[in-house]
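Numbering (my numbering), first residue to last: 39 to 86. We treat Cβ as the ideally placed atom computed from N, Cα and C, and that holds for glycine. Bear in mind the structure is a predicted one, so any value in this text is a computation, not a measurement.
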Amino acid sequence: MSGKVIINNNTDLTTSNTINVSTLQSGVYFLELTDTKGVKYSKKFVVE
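What follows is the structure in structure tokens.
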């Protein structure tokens, strides 16, 4: 794993948001979100 930041985006989380992963190379990725209170949420996903 290289540990690179692929996408860095600030957004309004009061609405539904979509991240386009179609341009990502195959591999394992980690999504990290931080809410306005500083609480972090993480999710692992795989692009095949």
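| field | Proximal residues to D50 (C-beta, below 7 Å), its chain only, five neighbours per side dropped | value | For this step, residue 50 is matched to residue 12 along the sequence shown. Cβ within range, chain order: n/a, list empty.
| Between Y79 and T72, what straight-line distance do the alpha-carbon atoms span, to the nearest angstrom? | Numbered from its first residue, the sequence shown carries residue 79 at position 41. Numbered from its first residue, the sequence shown carries residue 72 at position 34. Straight-line Cα distance between these residues: approximately 6 Å.
| Per DSSP, the bridge partner or partners of V85 | Your numbering for residue 85 matches position 47 in the sequence shown. Paired residues: G65.
| Quick one: what's got a C-beta closer than 7 Å to N55's C-beta in the same chain, skipping five residues either side? | Your numbering for residue 55 matches position 17 in the sequence shown. Once the five neighbours on either side are set aside, the close Cβ partners of N55 are T49.
| message | Distance check for N47 and I57, CA to CA, integer angstroms please. | response | Numbered from its first residue, the sequence shown carries residue 57 at position 19. Numbered from its first residue, the sequence shown carries residue 47 at position 9. Spanning the two alpha carbons is a distance of roughly 10 Å.
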